Every structure is written in structure tokens, then in C-alpha cells.
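**Q** Sharing a structure with you now.
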Ligand code: ATP
Ligand code: MG
């Protein structure tokens with residue numbers, strides 16, 4: 010399943026699916042590409058406090074990735090996250106694995122699309138795999154069973170509203 014597009018709501022849609030899984034007693038691994046452990050997100054606080062079945066992991070540096078010229082460390086961390094996802098898919102431990110912002114990791118060259126396609130190929134039938142992020146490559150869109158494109162109609166950012174706890178993070 011893929012959530013892509015330029016509007017707000019991709020990561021939160023994936024979190025909604027994760028919440029449903031947890032409700033049915035399934036364990037979820039929610040991997041965040043290009044996000045550092047130093048960034049605090051409400052979803053991570055909620056998971057740690059209330060949702061033992063929702064495991065959230067940040068696989069990135071705290072600094073923003075330079076999209077036109079990524080650091081080799083960013084490349085390494087994205088590959089580690091992909092390896093983690095591969096192991097999780099075959100472990101039998103998880104009902105769902107989410108690769109949050111993986112599409113952006115592909116778009117800026119941290120991963121190549123073949124590597125992500127390989128991961129999709131390795132997915133057992135009984136595990137749900139969710140990919141989020143803008144710029145989803147066509148190969149992945151073609152391969153997915155479900156694609157939703159979140160299209161921006163308006164965003165409060167353009168009115169100068171800064172990122173808020175509970176809304177953006
Ligand atoms: P969310 O995490 O709120 O579901 P998202 O995953 O769809 O958003 P991303 O593309 O991952 O959005 O962008 C990350 C951040 O940028 C979010 O905090 C979001 O609020 C903000 N954002 C999303 N869409 C826009 C937009 N069209 N203009 C400005 N900022 C945006
Ligand atoms: Mg997002």
C-alpha cells in the first residue's frame with residue numbers, strides 16, 4: 010500500500026493503519042527513513058507510552074538530508090533501515106511493516122528503486138507493507154495493490170503557521 014502526493018496526511022494515514030493493526034493485537038514496525046532519533050514526534054511518545062505493539066524506529070540523522078547531494082552517512086542509514094525491514098518482514102513477528110518516507114529516500118538517491126522492489130518481492134502474503142512519501146516511483150506505483158495520492162488543496166504553512174506539536178510532529 011502506498012501513500013504519496015504533495016499534500017499533508019501520508020504519514021498520519023500510515024499511523025492510522027498502524028493503530029488499527031494494534032487494535033487487533035498485531036505488532037507493527039514503523040520505520041522512519043531520513044528522520045533522526047533526536048527529533049521528537051507525538052506518535053513516538055504515544056507509542057512508547059500507550060502502544061507496546063507499535064514499534065517506531067528512526068533511521069536517519071537529526072540534520073536534514075541535502076536532497077541534491079546526500080551525505081554517505083544518509084545512504085548507509087537508509088540501507089540499514091531497508092535491511093531491518095527485510096528481516097522484520099520474514100521474522101513472522103509483525104502484522105505490518107511501514108516504511109515512512111521511503112519514497113523520498115529513493116527520489117533523492119539514498120536507495121535505488123530495485124532495492125525497494127526486492128523488498129516488496131520478499132514480503133510474505135500475511136504481512137502488510139506500507140510505503141509513504143512524495144515522488145513515489147512508477148515501478149512501485151505499478152506494483153502496489155493500493156495507492157492513495159494526497160493532493161494539496163491548501164496548507165496552513167503558506168499562511169505562515171509554524172509546525173505545531175500534535176499536528177506536524
Ligand atoms: P503528515 O506527517 O502530517 O501526515 P505527510 O507525511 O503527508 O504529513 P510529508 O511530505 O512527510 O507530509 O511532510 C512532512 C511535513 O511537512 C509534515 O509536518 C507536514 O505537515 C508538512 N507538509 C506536508 N504537506 C505540506 C505542504 N503541502 N506544504 C507545506 N508543508 C507540508
Ligand atoms: Mg510524511
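In the numbering used here, the protein residues as written are 10 to 178.
We treat Cβ as the ideally placed atom computed from N, Cα and C, and that holds for glycine.
Computed from a predicted model, the values in this text were never measured in an experiment.
Do you know offhand how far residue 114's Cα is from residue 120's?
**A** 6 angstroms
**Q** Using a 10 Å radius around the Cβ and a threshold of 16 neighbouring Cβ atoms, would you call residue 107 buried or exposed?
**A** buried
**Q** So, using beta-carbon positions, are residue 140 and residue 162 closer together than 7 angstroms?
**A** No. Outside cutoff.
**Q** Report all residues for which the CB-ligand distance to some heavy atom of the ligand MG is below 7 angstroms; order them along the chain.
**A** 19, 20, 109, 110, 141 and 142
**Q** Can you find the residues in the same chain that come closer than 6 angstroms, C-beta to C-beta, to residue 64, ignoring five residues on each side of it along the sequence?
**A** Residues 38 of the same chain have their beta carbon placed closer than 6 angstroms to that of residue 64, with the five preceding and five following residues left out of the count.
**Q** When every heavy atom of the ligand ATP is checked, does at least one fall within less than 6 angstroms of the C-beta of residue 72?
**A** no
**Q** Hey, how far is the Cα of residue 76 from the Cα of residue 69?
**A** 13 angstroms
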